[in-house]
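Structure first, then comments.
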Amino acid sequence: MPSGATICASGRVKQPIGYSAGLFAAYRAASIHGAIVMNEAVRLTEVSDLEPAAQSLREIRQHIHHHPELAYEELQTAALVAQKLEQWGWRVTRGVGRTGVVGTLKAGDGQRSIGIRADMDALPIVEQTGLPYASGTHGKMHACGHDGHTTMLLGAAQRLAATRNFSGTVHLYFQPAEESGIDSGALKMINDGLFERFACDAVFGMHNHPGAEPGVLLFRKGPFMSAGDKAIITIEGVGGHAARPHLTVDPVVVAASIVMALQTIVARNVDPSQPAVVTVGSMHAGTANNVISNSATLELSVRSFSPEVRALLKKRITELAESQAASYGGKALVEYIEGYPVVINSDAETDFAVEVARELVGDDKVVAHTDILMGSEDFAFMLQKRPGTFLRIGNGVGEDGCMVHNPHYDFNDRNLPIGAAFWARLVERYLGR
1 MPSGATICAS GRVKQPIGYS AGLFAAYRAA SIHGAIVMNE AVRLTEVSDL
51 EPAAQSLREI RQHIHHHPEL AYEELQTAAL VAQKLEQWGW RVTRGVGRTG
101 VVGTLKAGDG QRSIGIRADM DALPIVEQTG LPYASGTHGK MHACGHDGHT
151 TMLLGAAQRL AATRNFSGTV HLYFQPAEES GIDSGALKMI NDGLFERFAC
201 DAVFGMHNHP GAEPGVLLFR KGPFMSAGDK AIITIEGVGG HAARPHLTVD
251 PVVVAASIVM ALQTIVARNV DPSQPAVVTV GSMHAGTANN VISNSATLEL
301 SVRSFSPEVR ALLKKRITEL AESQAASYGG KALVEYIEGY PVVINSDAET
351 DFAVEVAREL VGDDKVVAHT DILMGSEDFA FMLQKRPGTF LRIGNGVGED
401 GCMVHNPHYD FNDRNLPIGA AFWARLVERY LGR
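Structure representation (structure tokens):
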């Protein structure tokens, strides 16, 4: 029985002071079924427990930020992660999914297991923050906060190793290549036997969220983040002299026509109640002002939330590109590449994580049903294999909330002890003694 609990005349155990309603409910349920016996000395992690480590966590995060590595190049980052985990007593497996690292820690005799994932890779962006720890490698930058994600999970690793306030197995998945877009690091780890070699009953992940106050935790059950696909349209025309366009099939004109036609897909073909995006992010043609080129290329980002809309977008992009090109006497070749699937959070695991968050930071810092996001995330592949949830942590608003993939972005270090404490407490609750 928890310290301070008393038994009423009815025989029911009263909630003791210092135990949240959620924690005490878990204790009662487990006690009824004989699943666990809570140690009287057990105390769940609070954010204040991680505050003394805040400076060392900042130093780790800023070191990783200063040494960014692109997809499947995360050798220094992986080495740092492995070194820290081994220093704290974790069993470490390197080279999972090429450059991924898995840390494993067991305590007690519990049979359950939990997996937590953090991504490690940077982006091909020239940093413009002017920070003292700004990227030391020109053209590479931690512009999406993966340095922070990695550090928060390391903070939790240190805490869990020190307290071992759980009974079961924890696997920490430090993943490469989330930003690859197609050659997913999550899928690479899965295909390398991640869930067979480091099995878990549920898997969890977190991403920072510009636009919300630091430390606010945001959740959503069901579909949360969109599928992200890529389309490459190659337009074949007939080149010639810019002064004699009547003797050519100008691929630039064809490309412009296709760009405009593509805007009608979401506006006129997709059910207005269904989220979808078709963006032309790149258009290339020609080498000189007085030359009409033979070809042009368009590259598209395509987002959707359902298999039906995903198939419709692919179909209409192909049809419109081919028909528009043909109407000018040209030809369009469409290569459609399916990328990350929809992030779908399971209900039970999301509800559980929300409860843990409320215990940790209070109701006012938890958004249990946030908006869907049109960004994509390869953690979706892990959620196809195991139940779990992907949450967001606020990174700042206004001037402090610079959007990710921006050369002025920086992860908010105020989140480090909060995120680390959340992961530690989630493990303690999921693998409660």
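Using UniProt numbering, the letters of the sequence shown map in sequence onto residues 1 to 433.
The C-beta atom is built at its ideal place from N, Cα and C for all residues, glycine as well.
For clarity, every value in this text was computed on a predicted model and none was experimentally measured.
Close beta carbons around Lys-331, own chain, < 7 angstroms, minus the five adjacent residues each side: For this step, residue 331 is matched to residue 331 along the sequence shown. Hits under 7 angstroms: Glu-236, Ala-325.
Extent of the continuous beta strand (DSSP E) run through Gly-185: Within the sequence shown, residue 185 is the residue found at index 185, counting from 1. Counting along the chain, Gly-185 falls outside any beta strand (DSSP E), though it belongs to the alpha helix (DSSP H) covering 185-191.
In chain order, each beta strand (DSSP E) run of at least 3 residues that lies wholly inside the segment 249-287: Whole beta strand (DSSP E) segments, 3+ residues: 276-285.
Distance between His-67 and Gly-136 (C-alpha atoms, nearest Å): Residue mapping note: residue 136 aligns to position 136 of the sequence shown, counting from 1. Residue mapping note: residue 67 aligns to position 67 of the sequence shown, counting from 1. Approximately 6 angstroms, taken between the alpha carbons.
Whether Phe-198 touches Glu-428 by CB criterion (7 angstroms): Numbered from its first residue, the sequence shown carries residue 198 at position 198. Numbered from its first residue, the sequence shown carries residue 428 at position 428. No, the pair does not count as a contact, with Cβ atoms beyond the cut-off.
Cβ-Cβ separation, Arg-117 to Gly-205 (assumed contact under 8 angstroms), whole Å: Your numbering for residue 205 matches position 205 in the sequence shown. Your numbering for residue 117 matches position 117 in the sequence shown. Confirmed, Cβ separation roughly 4 angstroms.
Candidates Ser-273, Ala-202, Ser-323, of which the one nearest Arg-112 by Cα: Here the question's residue 112 lines up with position 112 in the sequence shown. The shortest Cα separation from Arg-112 among Ser-273, Ala-202, Ser-323 belongs to Ala-202.
Cβ contact (3+ pairs, closer than 8 angstroms) linking the segment 403-422 and the segment 221-231: No contact exists between the segment 403-422 and the segment 221-231.
Beta carbon of Ala-143 nearer than 7 angstroms to that of Ile-125: Counted from its first residue, the sequence shown places residue 143 at position 143. Counted from its first residue, the sequence shown places residue 125 at position 125. Cβ atoms of Ala-143 and Ile-125: closer than 7 angstroms.
Exposed unless 16 or more other CB atoms sit within 10 angstroms - verdict on Lys-315: Walking along the sequence shown from the start, residue 315 turns up at place 315. Counting Cβ neighbours within 10 Å, Lys-315 comes out exposed, since fewer than 16 surround it.
Leu-416 - DSSP class collapsed to helix/strand/coil: The sequence position of residue 416 within the sequence shown is 416, counting from 1. Shown here, Leu-416 sits in a helix according to DSSP, grouped into three states.
Buried or exposed (CB count within 10 angstroms, at least 16 for buried), Ala-26: The sequence position of residue 26 within the sequence shown is 26, counting from 1. Since pLDDT at Ala-26 reaches only 42, below the 50 mark, its modelled position is unreliable, and no value is offered.
Exposure label - Phe-422; buried when at least 16 CB within 10 Å: On the sequence shown, position 422 is the one that residue 422 refers to. With 16 or more Cβ atoms within 10 Å of its Cβ, Phe-422 is classed as buried.
For Asn-269 and Asp-363, the rounded distance between their alpha carbons: As a first step, residue 363 is located in the sequence shown; it is residue number 363 there, counting from the start. As a first step, residue 269 is located in the sequence shown; it is residue number 269 there, counting from the start. Between the alpha carbons of Asp-363 and Asn-269 lies a gap of roughly 41 angstroms.
Helix, strand or coil at Ser-56 according to DSSP, with G and I counted as helix: Here residue 56 refers to the residue found at position 56 when the sequence shown is read from its first residue. Helix at Ser-56.
Three-state secondary structure assigned by DSSP to Ile-125: In the sequence shown, counting from the first residue as 1, residue 125 sits at position 125. Ile-125 falls in the coil class under three-state DSSP.
Whole-Å CB distance - Pro-251 paired with Ala-296, under 8 angstroms assumed: Along the sequence shown, one-based indexing puts residue 251 at 251. Along the sequence shown, one-based indexing puts residue 296 at 296. The C-beta separation of Pro-251 from Ala-296 comes to about 4 angstroms, placing the pair in contact by the 8 angstroms criterion.
Presumed contact (8 angstroms Cβ cut-off) between Met-120 and Pro-176, rounded CB distance: Translated into the one-based positions of the sequence shown, residue 120 becomes position 120. Translated into the one-based positions of the sequence shown, residue 176 becomes position 176. With a Cβ gap of about 6 angstroms, Met-120 and Pro-176 count as contacting.
Rounded C-alpha distance that separates Val-356 from Gly-155: Against the sequence shown, residue 356 aligns to sequence position 356. Against the sequence shown, residue 155 aligns to sequence position 155. Computed Cα separation, rounded: 17 angstroms.
For His-171, three-class secondary structure by DSSP: Indexing the sequence shown from 1 puts residue 171 at position 171. DSSP places His-171 within a strand segment (E or B) once states are collapsed to three.
Boundaries of the beta strand (DSSP E) in which Leu-373 is found, first to last residue: Sequence index remark: in the sequence shown, residue 373 carries index 373 (1-based). Taken as a continuous stretch (DSSP letters only), Leu-373 belongs to no beta strand (DSSP E), as it is neither H nor E.
As assigned by DSSP and simplified to three states, the class of Tyr-409: Stepping through the sequence shown from its first residue, residue 409 is reached at position 409. Tyr-409 falls in the coil class under three-state DSSP.
Counted within 10 angstroms of its Cβ, other Cβ atoms place Leu-75 as buried (16 or more) or exposed: Against the sequence shown, residue 75 aligns to sequence position 75. Exposed: under 16 other Cβ atoms inside 10 Å.
Where Thr-151 sits in the DSSP three-state scheme: Within the sequence shown, the letter at position 151 stands for residue 151. If DSSP states are grouped into helix, strand and coil, Thr-151 belongs with the helices.
Burial state of Val-397, where buried means 16 or more other Cβ atoms lie within 10 Å: Position 397 of the sequence shown, counted from the first residue, corresponds to residue 397. In summary, Val-397 is exposed, with fewer than 16 beta-carbon neighbours lying within 10 Å of its beta-carbon over all protein chains present.
CB-CB length for Gly-115 against His-171, believed under 8 angstroms: As a working note, residue 115 is residue 115 in the sequence shown. As a working note, residue 171 is residue 171 in the sequence shown. Yes, they are in contact, since the Cβ atoms of Gly-115 and His-171 sit about 5 angstroms apart, within 8 angstroms.
For Leu-300, the first and last residue of its enclosing beta strand (DSSP E): Taking the first residue of the sequence shown as 1, we reach residue 300 at position 300. It spans 295-304 - the beta strand (DSSP E) in which Leu-300 sits, taken as one unbroken run.
Residue environment, Ser-180, which counts as buried when at least 16 other CB atoms sit within 10 Å: On the sequence shown, residue 180 is found 180 positions in, with the first residue counted as 1. With 16 or more other CB atoms across the displayed protein chains lying within 10 angstroms of its CB, Ser-180 is buried.
Residues that Tyr-336 bridges to, as DSSP identifies them: Within the sequence shown, residue 336 is the residue found at index 336, counting from 1. Tyr-336 pairs with Ala-231.
N-terminal and C-terminal residue of the alpha helix (DSSP H) that Val-81 is part of: Here residue 81 refers to the residue found at position 81 when the sequence shown is read from its first residue. Segment 75-87, the alpha helix (DSSP H) holding Val-81.
N- and C-terminal bounds of the beta strand (DSSP E) containing residue 437: Any property of residue 437 remains undetermined from this structure, which presents the chain solely from 1 to 433.
Ala-242, DSSP secondary structure in three states: Here residue 242 corresponds to residue number 242 of the sequence shown, with the count starting at 1. In this structure, Ala-242 counts as coil in the three-state DSSP scheme.
Cβ-based burial, Asn-345 [other Cβ within 10 Å; buried from 16]: In the sequence shown, counting from the first residue as 1, residue 345 sits at position 345. Burial of Asn-345 is indicated by the presence of at least 16 other C-beta atoms within 10 angstroms of its C-beta.
Residue range of the beta strand (DSSP E) that includes Asp-119: Taking the sequence shown and counting its residues from 1, one reaches residue 119 at position 119. First-last of the beta strand (DSSP E) with Asp-119: 113-119.
Contact under 7 angstroms by Cβ, Asp-378 with Tyr-340: Translated into the one-based positions of the sequence shown, residue 378 becomes position 378. Translated into the one-based positions of the sequence shown, residue 340 becomes position 340. In contact: Asp-378 and Tyr-340 (Cβ atoms closer than 7 angstroms).
Ala-202 (DSSP reduced to helix, strand or coil): Residue 202 sits at position 202 when you count from the first residue of the sequence shown. Reduced to three states, the DSSP call for Ala-202 is strand.
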